[in-house]
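Beneath this line is the structure, given in structure tokens, with notes to follow.
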Amino acid sequence: AQTVTQSQPEMSVQEAETVTLSCTYDTSESDYYLFWYKQPPSRQMILVIRQEAYKQQNATENRFSVNFQKAAKSFSLKISDSQLGDAAMYFCAYRSAFMTGANSKLTFGKGITLSVRP
Amino acid sequence: DAGVTQSPTHLIKTRGQQVTLRCSPKSGHDTVSWYQQALGQGPQFIFQYYEEEERQRGNFPDRFSGHQFPNYSSELNVNALLLGDSALYLCASSLARDRGQETQYFGPGTRLLVL
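Just so you know, the sequences run in chain order A and B.
If you're matching positions, the first sequence starts at 1 in my numbering and goes up one per residue.
If you're matching positions, the second sequence starts at 1 in my numbering and goes up one per residue.
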């Protein structure tokens, strides 16, 4: 079974600074997808960024980028130019690429609470 | 473009009761997944529905059951409620035939409190 570990329960960053959130995972599969989701106090889980394991290039979405280290099974999220609206709980999630179509369950870590200081 | 909607937003029940939660997927999506999120924890997969059938199930007892309707909407039913069932229940939808590209989009959740 796959597991996702987020060992830092909380992090804080100064507005406009850069912060990196860590995630490690364990799997015996060679092909999979990794995600970062953001959950603000409103509770709605919002997709931040997605990485396909077979792609060596790290995914980037505006101020959000990942550092994907497949051999180390590490998938960290970097938030540049942090904004007050970035304050939320961030979850790292794994999905097997062999479970496609109607078998695409996500396995989540416990999450990291990010606070942004003005 | 309507996103994933869930009802009700909040619910209070007592132990032993039964509850039904509802989910309407994002427009164009045909697959619905349900997750349970305890306070301060990550979501745990309950089950997934596609073509009105349960396709995959997580480690949850038979007290948790579901249904998917022809319009792709879904219900989650929990019988004989326990205090430990208190949680945020999240629904996520995706497009099954978008093979390899399925991204799950989440609804706002239903907060269930069991007293």
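Cβ atoms here follow ideal geometry from the backbone N, Cα and C, with glycine treated the same way.
What does the Cβ neighbour count give for residue i, buried or exposed, with the cut at 16 atoms within 10 Å?
| i | result |
| --- | --- |
| A2 (chain B) | exposed |
| T110 (chain B) | buried |
| H29 (chain B) | buried |
| R54 (chain A) | According to the sequence as given, residue 54 (chain A) is Tyr; it is not Arg. Burial call: exposed. |
| S104 (chain A) | buried |
| P25 (chain B) | buried |
Look up residue i in the DSSP assignment and say whether it is helix, strand or coil.
| i | result |
| --- | --- |
| G66 (chain B) | strand |
| L88 (chain B) | strand |
| L82 (chain B) | coil |
| D26 (chain A) | strand |
| L84 (chain A) | helix |
| L76 (chain B) | strand |
| L77 (chain A) | strand |
Alpha carbon to alpha carbon, how far is residue i from residue j?
| i | j | result |
| --- | --- | --- |
| L113 (chain B) | L88 (chain B) | 9 Å |
| Q6 (chain B) | M11 (chain A) | 31 Å |
| V4 (chain B) | Q104 (chain B) | 10 Å |
| G85 (chain A) | Q8 (chain A) | 20 Å |
| T20 (chain B) | K13 (chain B) | 11 Å |
| L115 (chain B) | L11 (chain B) | 11 Å |
| Q69 (chain A) | P8 (chain B) | 41 Å |
| P40 (chain A) | T113 (chain A) | 9 Å |
Please name the residue or residues paired with residue i in a DSSP beta bridge.
| i | result |
| --- | --- |
| V116 (chain A) | A:V13 |
| R95 (chain A) | A:Y33 |
| V4 (chain B) | V4 (chain B) is not bridged to any residue. |
| I12 (chain B) | B:L113 |
| Y54 (chain A) | Beta-bridge pairing links Y54 (chain A) to no other residue. |
| T60 (chain A) | A:S65 |
| V4 (chain A) | A:Y25 |
Taking the alpha carbon of residue i as the reference point, which residue from the options has its own alpha carbon closest?
| i | options | result |
| --- | --- | --- |
| A59 (chain A) | A:M45, A:K78 and A:A71 | A:K78 |
| W34 (chain B) | B:Q104, B:P108 and B:A92 | B:A92 |
| D36 (chain A) | A:F98, A:F75, A:P118 and A:L114 | Residue identity differs from the one stated: residue 36 (chain A) is Trp in this sequence, not Asp. The residue with the shortest Cα to Cα distance from W36 (chain A) is A:F75. |
| Q2 (chain A) | A:T107, A:Q57 and A:Q14 | A:T107 |
| P118 (chain A) | A:A72, A:A16 and A:Q56 | A:A16 |
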